Amino acid sequence: MKIGFIGLGNMGAPMAANLVAAGHEVTGFDLAAPAPEGVSMAASAAEAATGAEVVITMLPNGNILRAVAEEVLPAMEPGAILLDCSTVDVASARDVAAMAAEKGLGFLDAPVSGGVGGAAAGTLTFMVGGEDAAFATAKPLFDVMGQKAVHCGPAGNGQAAKICNNMILGVTMIATCEAFALADKLGLDRQAMFDVVSTSSGQSWSMNTYCPAPGVGPTSPADNDYKPGFAADLMLKDLRLSQSAAEAADADTPMGALASALYAQFVESEDGAGRDFSAMLPRFEKRRRST
Ligand code: NAD
């Protein structure tokens with residue numbers, strides 16, 4: 001397939017490289033990042049989109065997506081698809097879908113989970129919103145860049161799935177970390193805590209697969225001095241998206257709101273910036289009830 005790829009950062013570069021390795025013809029554009037191997041670079045986003053059957057974007061946020069969409073949609077061939085893999089707000093995804101539809105173009109929102117490791121290994125999970133026909137066209141690309149693509153319904157539903165999932169993740173990680181810190185203070189050994197909780201009703205991905213306690217459970221960023229992994233900054237971004245969506249939809253999400261406030265404090269006022277999101281455990285370890 002002839003593909004335009006805009007946004008070749010930590011995630012976009014390995015995704016584009018995997019498409020090239022699978023035999024696709026990829027023309028890229030980024031304001032700053034260098035060309036991944038095998039990707040020919042265009043002078044602008046519009047140039048990268050010209051003649052492409054699918055234009056993939058992997059950008060920092062919804063405002064940038066909107067600006068790039070305004071530039072690339074007029075350059076795209078009739079019937080081509082804009083496939084946005086960034087994590088953005090639901091409203092931006094739905095607005096860009098409407099802009100594309102007006103021009104007779106397809107749009108899919110397809111945020112990912114799996115991080116930089118999954119992008120490099122081609123094992124991402126895609127959560128996809130948009131029309132069936134566009135999903136069918138993009139499916140071979142999902143198969144190259146990932147191991148699973150779930151069609152979640154119409155435009156915006158991929159982003160909805162992503163932020164709901166990550167809201168659960170943020171809340172359960174905090175709950176797991178505060179429980180470990182409490183267990184420490186009660187004199188409960190961390191290995192015993194893991195052995196019980198990971199096989200009892202308190203289990204979760206945060207405990208069982210990504211245990212925040214070093215030396216306990218499977219290897220995780222806790223065993224690498226909390227180097228990300230999944231940075232607390234990105235968790236904060238996703239929690240804020242969940243809260244703006246909850247506000248727009250008039251949904252009551254008290255745990256998500258508290259998780260968002262705690263990650264904001266951790267990243268912006270404490271030492272959480274650039275650390276893995278499971279570094280909430282050393283944060284709780286240092287704290288007392290009154291602070
Ligand atoms: P990044 O900052 O490494 O990459 C973004 C790239 O977009 C940069 O290279 C930047 O130069 C480029 N860019 C910005 N504005 C542009 C424009 N107007 N035109 C062209 N290029 C532009 O970020 P990333 O880690 O690759 O993340 C990308 C997206 O994926 C984000 O939405 C993020 O939330 C999401 N995501 C990231 C991870 C992760 O672990 N890094 C995991 C899941 C989802």
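Sequential numbering of the sequence shown, starting at 1, is according to the working numbering. Yeah, the Cβ is synthetic: ideal placement off N, Cα and C, and Gly gets one too. Since the structure is predicted, the reported quantities are computational estimates derived from the model, not experimental observations.
Fully enclosed by the stretch 22–57, which alpha helix (DSSP H) runs are 4 residues long or longer?
45–49
Between the stretch 63–82 and the stretch 211–221, are three or more C-beta pairs nearer than 8 angstroms?
no
On the three-state DSSP scale, how would you describe residue 132?
To locate residue 132, count along the sequence shown from 1; it is residue 132. Helix.
For residue 115, is the beta carbon positioned less than 8 angstroms from some heavy atom of the ligand NAD?
Along the sequence shown, read from residue 1 onward, the residue named residue 115 stands at position 115. Checking every heavy atom of the ligand NAD against the Cβ of residue 115, one is found closer than 8 angstroms.
At a cut-off of 8 angstroms, would you count residue 152 as near the ligand NAD, judging by its Cβ distance to the nearest heavy atom?
Here residue 152 refers to the residue found at position 152 of the sequence shown. Checking every heavy atom of the ligand NAD against the Cβ of residue 152, none is found closer than 8 angstroms.
Backbone CA spacing between residue 280 and residue 262 [nearest angstrom]
The sequence position of residue 280 within the sequence shown is 280, counting from 1. The sequence position of residue 262 within the sequence shown is 262, counting from 1. Cα to Cα, residue 280 sits roughly 9 angstroms from residue 262.
Which residues in the same chain as residue 191 place their Cβ atom closer than 7 angstroms to its Cβ, once the five residues preceding and following it in sequence are excluded?
Working through the sequence shown from its first residue, we reach residue 191 at position 191. Closer than 7 angstroms at Cβ, skipping near neighbours: 216.
Residue from 96, 79, 50, 18 with nearest C-alpha to residue 118
Here the question's residue 118 lines up with position 118 in the sequence shown. When only C-alpha atoms are compared, the closest one is 18.
Identify every residue that forms a DSSP beta bridge with residue 81.
Here residue 81 corresponds to residue number 81 of the sequence shown, with the count starting at 1. According to DSSP, which records beta bridges pairwise, residue 81 is partnered with 54, 106.
Alpha carbon to alpha carbon, how far is residue 211 from residue 267?
Within the sequence shown, numbered from 1, the residue matching residue 211 stands at position 211. Within the sequence shown, numbered from 1, the residue matching residue 267 stands at position 267. Distance between the alpha carbons of residue 211 and residue 267: 20 angstroms.
Comparing C-alpha positions only, which one of 40, 27, 42, 70 sits nearest to residue 54?
Taking the first residue of the sequence shown as position 1, residue 54 is located at position 54. When only C-alpha atoms are compared, the closest one is 27.
How many angstroms separate the CA atom of residue 138 from the CA atom of residue 158?
Counting from 1 along the sequence shown, the entry for residue 138 is found at position 138. Counting from 1 along the sequence shown, the entry for residue 158 is found at position 158. Their Cα atoms are separated by approximately 14 angstroms.
In whole angstroms, give me the CA-to-CA distance for residue 80 and residue 108.
The residue given as residue 80 occupies position 80 in the sequence shown. The residue given as residue 108 occupies position 108 in the sequence shown. The alpha-carbon atoms of residue 80 and residue 108 are separated by roughly 11 angstroms.
Going by the C-beta, is residue 27 closer than 8 angstroms to any heavy atom of the ligand NAD?
Numbered from 1 along the sequence shown, position 27 holds the residue referred to as residue 27. Residue 27 Cβ: outside cutoff for every heavy atom of the ligand NAD.
Using 8 angstroms as the threshold, is the stretch 247–258 in touch with the stretch 177–188, meaning 3 or more CB pairs across them?
no
Enumerate in chain order the residues of its own chain whose CB-to-CB distance from residue 143 is below 8 angstroms, with the five nearest sequence positions on each side excluded.
By 1-based counting over the sequence shown, the position of residue 143 is 143. Correct list, in chain order: 149.
Member of 84, 105, 70, 69 whose CA lies at the smallest distance from the CA of residue 78
Here residue 78 is taken as the residue at index 78 of the sequence shown, counted from 1. Nearest of 84, 105, 70, 69 to residue 78, Cα basis: 105.
Meets three-Cβ-pair contact criterion under 8 angstroms: the stretch 225–235 and the stretch 271–288
yes
Could you tell me whether any non-hydrogen atom of the ligand NAD is closer than 8 angstroms to the CB of residue 238?
For this step, residue 238 is matched to residue 238 along the sequence shown. Indeed, a heavy atom of the ligand NAD lies less than 8 angstroms from the Cβ.
Between which two residues does the alpha helix (DSSP H) carrying residue 227 extend?
As a position in the sequence shown, residue 227 is number 227, starting the count at 1. Segment: none, residue 227 is in no alpha helix (DSSP H) and carries neither H nor E.
Contact test: residue 86 Cβ vs the ligand NAD heavy atom, cutoff 8 angstroms
Taking the sequence shown and counting its residues from 1, one reaches residue 86 at position 86. Yes, since a heavy atom of the ligand NAD falls inside the 8 angstroms radius drawn around the Cβ of residue 86.
Looking only at DSSP bridge pairs, what is residue 169 linked to?
In the sequence shown, counting from the first residue as 1, residue 169 sits at position 169. For residue 169, which the question treats as bridged, DSSP gives no partner whatsoever.
Counting only the same chain and skipping the five closest in sequence on each side, list residues whose C-beta sits under 7 angstroms from that of residue 16.
To locate residue 16, count along the sequence shown from 1; it is residue 16. For residue 16, where only same-chain residues beyond five positions count, the Cβ hits under 7 angstroms are 5, 8, 26, 28, 36, 39.
DSSP three-state label for residue 147, please.
By one-based count along the sequence shown, residue 147 stands at place 147. In this structure, residue 147 counts as strand in the three-state DSSP scheme.
Between residue 84 and residue 49, what straight-line distance do the alpha-carbon atoms span, to the nearest angstrom?
Numbered from 1 along the sequence shown, position 84 holds the residue referred to as residue 84. Numbered from 1 along the sequence shown, position 49 holds the residue referred to as residue 49. Each residue's Cα considered, the two are about 13 angstroms apart.
Confirm the yes/no value for this check: CB of residue 182, any heavy atom of the ligand NAD, distance under 8 angstroms.
Residue numbering aside, residue 182 sits at position 182 when the sequence shown is read from its first letter. Residue 182 Cβ: outside cutoff for every heavy atom of the ligand NAD.
Presumed contact (8 angstroms Cβ cut-off) between residue 241 and residue 163, rounded CB distance:
One-based indexing of the sequence shown puts residue 241 at position 241. One-based indexing of the sequence shown puts residue 163 at position 163. Their Cβ separation, rounded to whole angstroms, is 5 angstroms, which keeps residue 241 and residue 163 in contact under 8 angstroms.
Under the DSSP definition of a beta bridge, which residues are partnered with residue 114?
Within the sequence shown, residue 114 is the residue found at index 114, counting from 1. For residue 114, which the question treats as bridged, DSSP gives no partner whatsoever.
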